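Residue numbers (the working numbering): 139 to 381.
As structure tokens, the structure follows; a few thoughts come after it.
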């Protein structure tokens with residue numbers, strides 16, 4: 139599994155798409171944080187990274203599928219999946235290796251954004267006058283959200299041998315599970331009845347909960363269960379292709 143993990147990372151950075159995805163993510167977040175007037179941190183009047191944690195999930199909705207779209211699609215298209223499955227590794231180990239490499243790349247993409255935190259930390263009056271607990275909670279939430287999107291992306295990649303189809307399907311599913319349940323909870327059929335239950339089915343409610351700086355076990359269980367569900371679905375799809 140470790141060999142597959144390293145192979146996936148090397149494959150990602152051996153193509154121009156890998157570098158472009160990282161550059162686009164950092165450039166887009168930088169523009170929202172420091173340039174665009176409505177989200178410019180320098181115009182806020184107080185030290186905060188709220189605009190980063192508001193825009194990053196939407197950027198992740200495209201970045202993570204771009205990372206995962208070739209995970210299985212490329213294997214199916216080139217026929218190397220047969221060679222891979224004949225090696226002394228189980229399907230679950232193959233999926234875990236590809237999934238963990240995607241999560242590592244999400245983590246790697248987030249690392250440079252720590253510069254924003256230290257910049258805001260120094261710009262505060264006095265320096266350090268910001269809610270660090272909420273910021274670190276938001277980082278944990280963003281990493282878990284990226285991990286959830288990666289599980290969706292791996293699943294979408296296992297459904298098609300076409301990378302573009304896998305990318306579009308992953309983006310669609312990420313949007314559905316991130317935002318749609320918030321909209322559904324406001325419908326008359328659910329509102330004031332089970333709107334809280336419907337809202338809790340979506341990723342956004344748990345991401346916002348972590349962004350408050352409180353690490354709730356219910357949110358951790360949700361993300362863990364969500365990731366496990368999509369990895370299990372991926373295993374079923376991969377096994378069905380053998381049949």
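All C-beta atoms in this analysis are idealised placements derived from N, C-alpha and C, irrespective of residue type, glycine included.
All figures in this text were calculated on a predicted structure; none of them were measured in a lab.
Reference residue i, options the options, closest by Cα
| i | options | result |
| --- | --- | --- |
| residue 245 | 315, 286, 256 | 286 |
| residue 229 | 174, 241, 364, 210 | 210 |
| residue 333 | 233, 222, 320, 358 | 320 |
| residue 166 | 191, 153, 152 | 191 |
| residue 145 | 178, 366, 197, 208 | 208 |
| residue 340 | 354, 327, 311, 355 | 311 |
| residue 149 | 308, 178, 368, 205 | 205 |
| residue 382 | 162, 288, 356 | Since the first residue shown for the chain is 139 and the last is 381, residue 382 is missing from the structure and cannot be characterised. |
| residue 219 | 161, 298, 169 | 298 |
Extent of the continuous alpha helix (DSSP H) to which residue i belongs
| i | result |
| --- | --- |
| residue 271 | 270-297 |
| residue 338 | 333-338 |
| residue 189 | 188-206 |
| residue 316 | Where residue 316 is concerned, there is no enclosing alpha helix (DSSP H), given that its DSSP letter is neither H nor E. |
| residue 342 | 341-349 |
| residue 176 | No alpha helix (DSSP H) contains residue 176, which DSSP labels as neither H nor E. |
| residue 235 | 229-248 |
| residue 211 | 211-216 |
| residue 148 | 140-151 |
| residue 352 | Looking at the DSSP string, residue 352 is not in any alpha helix (DSSP H), and its letter there is neither H nor E. |
| residue 325 | It is not in any alpha helix (DSSP H) - residue 325 carries neither H nor E in the DSSP assignment. |
| residue 385 | Residue numbering for the chain in the displayed model covers 139 to 381; residue 385 lies beyond these limits and cannot be assessed. |
Close-in-space but distant-in-sequence residues of the same chain around residue i (CB under 8 Å, 5 per side omitted)
| i | result |
| --- | --- |
| residue 274 | 351 |
| residue 272 | 349, 350, 351 |
Buried versus exposed call for residue i [16 or more other C-beta atoms within 10 Å across all chains shown]
| i | result |
| --- | --- |
| residue 250 | exposed |
| residue 140 | exposed |
| residue 226 | exposed |
| residue 203 | buried |
| residue 290 | buried |
| residue 327 | exposed |
| residue 241 | buried |
| residue 213 | buried |
Same chain, Cβ closer than 6 Å to residue i, five either side skipped, listed in chain order
| i | result |
| --- | --- |
| residue 142 | 235 |
| residue 196 | none |
| residue 147 | 239 |
| residue 293 | 368, 371, 372 |
| residue 343 | 337 |
Chain-order list of residues whose beta-carbon lies under 7 Å from that of residue i (same chain, five-residue window excluded)
| i | result |
| --- | --- |
| residue 217 | none |
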